[in-house]
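Each remark here refers to the structure printed beneath this line.
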Amino acid sequence: MIEPIIDSRVIEHLQRLLKGARHIVLTCHLSPDGDALGSTLGLCRVLRNMGKDAHVVVPDQVPRALLFVPGVRDVVVYSLSQLRGRFLFREADLVFCLDFNTLQRVDKLAPVIAQCRAPRVLIDHHLDPDNDFDVKISFPHLSSTCEVVYRTLMQLALLRYVDTEAAQCFYTGMMTDTGNFTYSSDYPEIYEIVAQLVAYGINKQWLYNMAMNTFSAESLRLQGYALSEKMQIFPDAGAALITLTRAELERFGYRKGDTEGLVNKPLSIPEVHWVMFLREDPDQIKVSCRSEGNFSVSDICARYFGGGGHRNAAGGDFQGSMEDAIDVFFQVLEDTCFENE
-1 MIEPIIDSRV IEHLQRLLKG ARHIVLTCHL SPDGDALGST LGLCRVLRNM
49 GKDAHVVVPD QVPRALLFVP GVRDVVVYSL SQLRGRFLFR EADLVFCLDF
99 NTLQRVDKLA PVIAQCRAPR VLIDHHLDPD NDFDVKISFP HLSSTCEVVY
149 RTLMQLALLR YVDTEAAQCF YTGMMTDTGN FTYSSDYPEI YEIVAQLVAY
199 GINKQWLYNM AMNTFSAESL RLQGYALSEK MQIFPDAGAA LITLTRAELE
249 RFGYRKGDTE GLVNKPLSIP EVHWVMFLRE DPDQIKVSCR SEGNFSVSDI
299 CARYFGGGGH RNAAGGDFQG SMEDAIDVFF QVLEDTCFEN E
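Take the sequence shown: its letter number 62 is residue 60 in this note's numbering, and every next letter is one higher.
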């Protein structure tokens, strides 16, 4: 049995907001991943099934690897359609903020949301959410924001509005944010939710193939190059490092999403227990970390890169050169070895 975990007073507040809302906007973090898109698009589908006028506005373009998610073609990309995006927020009488804990994570959408007069509802699973929200539903110990959304709908008694399309969205987010249920998924209730999603008629095998096992030729070549030429192993520290510069990304015709899953690959090496991947984006170095067991990469990302996440999957940003970011990685190695002595 899936136990209710959200405070009944929070649920009652959200019920009142939903009852009075007609025009609803949903948004998620910059560079949306499977959980960000799955939660926004799944909840948007449910709201539309309820008769609400609901729209998803994302800060920037959706990675091509996630264009299979149901409803993604209707997403308003703010970086490409700012007038449309601002209009939707101006008309909104309720805003859902999904899969981020601070407005800093929505880039140029942050001031638009901050100036919006509609109540803001946060549904998330990251640590330390800001106080910029009228309703906060945040459970960092859960697998994904999609799981939090599903539990919220359950306690709102709105699961009758979930259909196959919405279930596909929720399953995609839960699957991708747990590495196909290999981490952040050790408690039984997540599989009860999965069983319920399967009962809606989702095609698990197709969703897995699309989300976890489908790559463009350019993506395969880039990842092959990264593993062959740019992966470094540090067996004494149980660590691996992969770096990709802007020039290397351009050489392989990089598009957003082409490095998805790359950070997990070195964990298949027996002596590697945690991995850092540094990718040079136009305005920063993107940091992604993965680990096994009790080694917390969330602590590393929070301490050194102003980020965070979960024990075995976390990320952050670095303002500086690739060389400087690599220096920080080596500092992490030294500090980690010192702390474990």
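Cβ coordinates follow ideal geometry from the N, Cα and C atoms, glycine included.
Model, not experiment: these values are computed from the prediction.
On the premise that residue j lies in contact with residue i, defined as a C-beta separation below 8 Å, what is that separation, rounded to the nearest angstrom?
i, j, result
"VAL104", "ILE121", "The pair is not a contact, with the Cβ atoms about 14 Å apart (cut-off 8 Å)."
"CYS299", "GLY318", "The pair is not a contact, with the Cβ atoms about 16 Å apart (cut-off 8 Å)."
"ALA224", "PHE232", "About 17 Å; that fails the 8 Å criterion."
"MET173", "LEU151", "About 18 Å; that fails the 8 Å criterion."
"MET210", "ASN178", "6 Å"
"LEU140", "TYR169", "No, LEU140 and TYR169 are not in contact; Cβ-Cβ is about 15 Å, not under 8 Å."
"CYS167", "VAL67", "6 Å"
"TYR159", "ILE191", "At roughly 16 Å, the Cβ-Cβ gap does not stay under 8 Å, so TYR159 and ILE191 are not in contact."
"LEU15", "VAL133", "7 Å"
List the DSSP bridge partners of residue i.
i, result
"GLN230", "LEU239"
"ASP122", "SER136"
"ARG277", "LEU242, LYS284"
"ASP315", "LYS284"
"SER289", "TRP272"
"THR25", "CYS95"
"ALA52", "ILE22"
Nearest by alpha-carbon distance to residue i: which of the options is it?
i, options, result
"LYS106", "VAL55, ASN201, SER217", "VAL55"
"PHE327", "ASP126, SER286, GLU290, GLY291", "SER286"
"PHE85", "SER217, HIS21, GLN203, PHE94", "HIS21"
"SER341", "VAL23, LEU16, LYS50, PRO61", "Residue 341 is absent from the model: the chain starts at -1 and stops at 339."
"VAL110", "SER289, PRO127, LEU81", "LEU81"
"LEU24", "GLY40, LYS134, VAL160", "GLY40"
"MET274", "LEU92, ARG253, ALA311", "ALA311"
"GLY255", "ALA215, SER296, LEU96, GLY83", "ALA215"
"ALA355", "ALA164, GLY69, PRO186", "Summary: the structure shown does not reach residue 355, with the chain confined to residues -1 through 339, and so no result is reported for it."
"ILE240", "ALA34, ARG14, LEU220, GLU248", "LEU220"
"CYS26", "GLN59, SER266, HIS271, ASP126", "GLN59"
"SER142", "PRO127, LEU96, VAL44", "LEU96"
"ASP33", "PHE250, ASP175, ASP126, HIS53", "ASP175"
"GLU246", "GLU227, ASP51, ASN47", "GLU227"
"ARG253", "ASP161, PHE213, GLU321", "PHE213"
"LEU12", "VAL119, VAL74, VAL73", "VAL119"
"SER266", "ARG244, GLU258, GLU248, GLU290", "GLU290"
"LYS263", "GLU248, PHE250, PRO280, ARG288", "ARG288"
"TYR181", "GLY307, LYS202, GLN329", "GLY307"
Within its chain, find whatever has a CB closer than 7 Å to the CB of residue i; leave out the 5 residues flanking it on each side and keep chain order.
i, result
"SER294", "ARG309"
"ALA368", "With the chain covering -1 to 339 only, the question about residue 368 has no answer from this structure."
"ALA90", "HIS21, ILE22, VAL23, CYS114, ALA116"
"GLY36", "VAL67, CYS144, CYS167, PHE168, THR170, GLY171"
"ALA52", "ILE22, LEU24, CYS42, LEU45, ARG46"
"GLN102", "ALA108"
"GLN282", "ASP315, PHE316, GLN317"
Leaving aside the five residues before and after residue i along the sequence, list all residues of the same chain whose C-beta is less than 6 Å from its C-beta, in chain order.
i, result
"GLU339", "In this prediction, GLU339 has a pLDDT of 45, which is less than 50 and means its spatial position is unreliable; what the coordinates show is noted afterwards. Result list for GLU339: empty, nothing under 6 Å."
Would you say residue i faces chain B, with C-beta separation under 8 Å as the test?
i, result
"GLN153", "Of the protein chains in this structure there is only one, and it is not chain B."
Beta-carbon within less than 8 Å of residue i's beta-carbon, same chain only, minus the 5 sequence neighbours each way: which residues are those?
i, result
"GLY305", "VAL285, CYS299, ALA312, GLY313, GLY314, ASP315"
"GLY236", "GLU269, VAL270, HIS271, TRP272, PHE293"
"LEU78", "GLN59"
"ILE324", "LEU239, THR241, LEU276"
"ASN99", "LEU120, ASP122, HIS124, LEU125, ASP126, PRO127, ASP128, SER136"
* Asked: Between the stretch 153 to 164 and the stretch 1 to 10, do at least 3 Cβ pairs fall closer than 8 Å?
  -> yes
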